[in-house]
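Only one structure is covered here, and it is reproduced in the block below.
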């Protein structure tokens with residue numbers, strides 16, 4: 010059982026199996042993941058922090074069997090996820106849209122991430138919501154963390170010689186003499 014190896018050889022533990030009570034470390038939980046994502050480790054929200062910023066996360070199943078997934082986030086106030094969950098056949102992919110809605114027109118603290126959890130659904134189950142209502146689905150610790158990073162951009166491009174706070178005005182400065 011991977012859980013015994015994990016608890017014997019790896020020191021830090023982040024998850025605990027409800028089935029056997031043995032602790033799992035983050036490294037083993039990641040290795041158990043059968044779904045892959047693009048981007049793999051982080052998503053970057055680039056924008057002015059004045060309006061919502063959306064990025065796409067591609068989730069791919071290459072496990073050889075049907076897999077259900079669910080995407081969670083660290084703040085439902087800051088992030089919207091669509092679709093939150095789904096079921097993928099082997100070889101199938103889904104695009105999940107992650108939308109960041111800035112508060113106070115600034116990037117949030119750097120400790121936000123998304124978690125992709127997965128489980129093997131029962132053969133007859135077609136509804137992903139029903140898959141995650143099953144207590145057995147929640148006992149499988151396969152999960153993957155995807156870090157959220159933020160890159161702020163200026164709201165409007167300013168010429169290099171313009172003083173701070175002044176917006177660009179027209180094509181030519183007003184105080185230049187007319188050309189003859």
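Residue numbers (our numbering): 10 to 189.
Yeah, the Cβ is synthetic: ideal placement off N, Cα and C, and Gly gets one too.
Computed from a prediction, not measured in an experiment: that's the story for all the values here.
Taking each of 46, 43, 159 in turn and checking the Cα distance to residue 112, the smallest one comes out for 159. Using a Cβ distance threshold of 7 Å, residue 52 and residue 155 count as a contacting pair.
In the structure shown, the three-state DSSP call for residue 86 is coil. In this structure, DSSP gives residue 138 a helical state, which the three-state scheme calls helix. Residue 127 and residue 42 do touch by the CB rule: their CB atoms are close to 6 Å apart, below 8 Å. Cβ-Cβ separation between residue 80 and residue 90: approximately 5 Å, consistent with a contact (criterion under 8 Å). Cα atoms of residue 117 and residue 109: separation of roughly 10 Å, rounded to the nearest angstrom. In this structure, residue 63 keeps its C-beta atom at 7 Å or more from the C-beta atom of residue 124.
Here the alpha carbon of residue 137 sits roughly 14 Å from the alpha carbon of residue 145. In this model, residue 72 and residue 132 are separated by some 15 Å (Cα to Cα).
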